[in-house]
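Engineer:
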RNA sequence: GGGUGGUUAGCUCAGCGGUAGAGCACUGUCCUCACACGACAGGGGCCACAGGUUCAAAUCCUGUACCACCCACCA
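Numbering (my numbering), first residue to last: -4 to 892.
1. Less than 7 Å separating the beta-carbons of residue 275 and residue 169?
2. What is the rounded straight-line gap between the Cα of residue 290 and the Cα of residue 300?
3. Can you confirm whether the region 504 to 514 touches the region 360 to 378 when touching is taken to mean that 3 or more C-beta pairs between the two stretches lie within less than 8 Å?
4. Does the structure place the region 81 to 92 close enough to the region 13 to 24 that three or more beta carbon pairs sit under 8 Å?
5. Relative to the C-alpha of residue 35, which residue among 166, 328 and 527 is closest?
6. So, under 8 Å CB-CB, residue 343 and residue 173 are touching, yes? Tell me the CB distance rounded to an integer number of Å.
7. Please state the DSSP three-state secondary structure of residue 496.
8. For residue 83, which residues from the same chain have a beta carbon less than 6 Å from its beta carbon, with the 5 sequence-adjacent residues on both sides left out?
9. So, with DSSP's three-state summary, where would you put residue 919?
10. For a test of the three-state rule: what should DSSP assign to residue 200, helix, strand or coil?
11. Within the continuous beta strand (DSSP E) that includes residue 171, where are the two ends?
12. Okay, do the region 383 to 396 and the region 438 to 457 touch, 3+ Cβ pairs below 8 Å being the bar?
13. For residue 122, tell me which candidate among 143, 613 and 43 has the shortest Cα-Cα distance.
14. With DSSP collapsed to three states, give me the class of residue 374.
15. For residue 470, count neighbouring Cβ atoms within 10 angstroms of its own Cβ and tell me buried if that reaches 16, exposed if not.
16. Assign residue 586 to one of three DSSP states: helix, strand, or coil.
17. Taking Cβ positions, are residue 130 and residue 20 nearer each other than 7 Å?
18. Could you please give me the residues that DSSP links to residue 298 through a beta bridge?
19. Given residue 688, which residues of its chain have a CB within under 6 Å of its CB, disregarding the five upstream and five downstream residues?
20. Looking at the secondary structure, which residues open and close the beta strand (DSSP E) in which residue 413 lies?
21. I need the boundaries of the alpha helix (DSSP H) containing residue 560, first residue and last residue.
22. Mind reading off the beta-carbon distance from residue 588 to residue 559? Whole number of angstroms is fine, and I expect it under 8 Å.
23. Do three or more CB pairs link the region 265 to 273 to the region 215 to 235 at distances below 8 Å?
24. Identify, in the order they occur along the chain, each residue of the same chain with its Cβ nearer than 6 Å to the Cβ of residue 491, setting aside the five sequence neighbours on each side.
25. For residue 345 and residue 108, which I take to be in contact (beta-carbon distance under 8 Å), what is that distance rounded to the nearest angstrom?
26. Should residue 578 and residue 536 be called a contact, given that it needs their Cβ atoms to be closer than 7 Å?
27. Tell me which same chain residues have a C-beta within less than 8 Å of the C-beta of residue 711, skipping the five on either side of it?
28. Please classify residue 783 as buried or exposed, where buried requires at least 16 other C-beta atoms within 10 Å of its C-beta.
29. At a cut-off of 6 Å, would you count residue 788 as near the ligand FAD, judging by its Cβ distance to the nearest heavy atom?
30. Residue 481 by DSSP, collapsed to three states: which one?
31. Within 10 angstroms of its Cβ, does residue 55 collect 16 or more other Cβ (buried), or is it exposed?
32. In angstroms with no decimal places, state the Cα-to-Cα distance between residue 8 and residue 665.
33. So the candidates are 552, 23, 814 and 546; which of them puts its Cα closest to the Cα of residue 747?
34. Compute the Euclidean distance between the alpha carbons of residue 880 and residue 799, then round it to the nearest angstrom.
35. Quick check: what's the CA-CA separation for residue 96 versus residue 80?
36. Candidates 163, 187 and 678: which alpha carbon is nearest residue 171's?
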């Protein structure tokens, strides 16, 4: 006999290995079959997978396995993402532990080490995906990486093509700079957080001594880079003063008072200091008025190009010093408490500095328009649909995308500069490379993957590659087709593109999803997928985001270790509705674990009765009430599950099967089958049980692949058509129902329930058999109960069931009512009359209240006139039923007195 | 400032026009020959608040409060 409790570990190890070895998950273009393609969000090689990965990959695995069982050629290509800044930060942290920085190693050595890390971390991640049960073929030749040779070719082709169309340009613009990561970021890589700060009111005096203008600012230190003070042209307070010169405090510079529409009259003092190099709005004002653009904050986040006293200070220190000096100079008018949001680096949470810098950009307007159209027309459909609006709104308001990053790990920008043509403008570092933040001053780039042999202009051979790398999302945006070999015209691309569905968390809707849609349309003329399923974020049980600093991170592998993969998958899938965030806790997994165990034990139960040497059962399908009923329930569960899957309602799809197995199959059918398995015709009962149970295993396989495969592999030996691995089986079809059984079964279940309740309330031990009298005035009901007597006897532990019309209540007995039946349970000893009265009175009260409500509605002419017929009939029936119950209960209670 | 979603049993959430449901937790009985990771039974909810529509509202509409998230050049 097998152990009582299911042990997931050996089972998971066995099947995981078998599936890979048999290349079960491999997909090949197959002319006769419709493909079903899921685009995997490639995990970054920044470390172990977390709970969010477990969620997204399980979700995808469920879809892939399900569709495969429905007969589609399901394709899900594994891969990892090089992860740009995130991975570089991980590497730098490791180096720091050795007391080194990346500059100690140099670019080449640093890249070598990062590639080695990719080797380690990448395969660890693939191993973890395997543990999650993902139906991914992990043979090395099948695994993609955003920086492997083929993907690099795709990146170059995309870059070249956009450059040729003038959709990529290099320019000097306001960007978000992270002084800690030492790189520019795109707008969406900045996260804004509300911070308590101050609003400083600073007096700028007129050069001619005719008074002053007060400006309000949250960043006094940037005043060292001011090149004007601006007011709204409509602002009467200032209109006469516009054009006058102001003395910039703490410096010896003079700046003009200008008028610009960007300034709001009602904010602060209505006058704003303009720092074109370090504020996005000021930059625009500066452009409009052709102002100087002194850069006073360096790429390291320190003051520069300013009075000696502040030079080299950090922004924070400079702020303090500037405020102090303003105070002592009598120029600080006031200081207000103020809350505003501050931009932070999404990768390292440090404050970002807006500053002007020369970078590479993608012009987005033209790319965004067709993506918006695709969403509007339903060519790309969102689940849940509420994401369509934010998607189109973001695209409609899109800014150019800064794609250059001043880091080392990533796709090097395929642009080269000729040293002899453009030497005057190029700025070099000591190593002869272009410096970390390069100024090419309009030097003409040559776009080439490899170093060009000669400069097309002057023929010189001394070309230097742009030192920057591309935003990691640039390569990610090509993923849905780069994985199939684009830009080559491959058979895979032809067959699998576009994909069916993209499943990912809503937090990367703009970073990734929107950009994939744009690039798919741009390069292949079609959106890369027709459906987008956006799920929520896995949070801790209090709804907090999991983070290392909060110490509330749950490691999926630890959960698997403790409860098993199927249990974790089940629990995660039970909560993924509507794209809402998922509060996850260890305890939540217990439910899944218990269900897995339930399946295992149901199988164990059947195996007790199956012959030891497996052979297909020779049997006829039985057709008694319970058989017909359970077949009906099975069919209904499958239908509901399937319908839910069509709408990506994973929890509902799973729950329909769960409820069938637990509530119907185990609690009722198996219990009813027990005596039948001891007697003649047991093969028939076993055959039906096997058919339904193995069918349910198939249907459940996408959700819990391991336990279902394990159980099926044992049970299938008794089936006429055993099949192979579950993944190659068809998702089950609902069988034809022979004749309706639900109503009859429900009637019996009601009687059983009433007897059980009476037993329980009067603490009749479960093992003790009792007598029951069932009285009814309805002869048909009595006939039905007679037919079902065996069920009642079995499940309510009744040794003798007497049926009859208007049977008198035996002395010392309990009473209960179920449908048309009045049930009496004679007791051995005295009955606690008070308890019985209280119980029945409560029932009576309930029935009275119900009856009153029904009558109230039936006596309401408006209800009778307006409500649909079916509704009035229903209420009427209930009124009759409750009335009957009331009169019978009243009689019983009278007798008790 | 704009937008979206939420507010239902102690907890996590279903239900979205016909008299409130699940899982977990709780109480009682039972280690009944599949499963105590179990069985059976039970307790527990003016469905955030205020109006409105309707014969009928947790469910539709309007507003309020609180929570969460997203977007925005909040000097």
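Even glycine gets a Cβ: it sits at the ideal position worked out from N, Cα and C.
Being a predicted model, the structure only gives us computed values, none of them experimental.
Structural biologist: Concretely, from the data shown:
1. yes
2. 7 Å
3. yes
4. no
5. 527
6. 7 Å
7. strand
8. 402 and 404
9. Absent from the structure is residue 919, since the part of the chain shown begins at -4 and ends at 892.
10. strand
11. 163 to 173
12. no
13. 43
14. coil
15. buried
16. helix
17. yes
18. 292
19. none
20. 410 to 413
21. 560 to 568
22. 6 Å
23. yes
24. 30, 32, 70 and 479
25. Not confirmed; about 24 Å, so no contact.
26. yes
27. 689, 717 and 718
28. buried
29. Because no ligand of any kind appears in the structure shown, any question about the ligand FAD cannot be addressed here.
30. coil
31. buried
32. 31 Å
33. 814
34. 18 Å
35. 15 Å
36. 187
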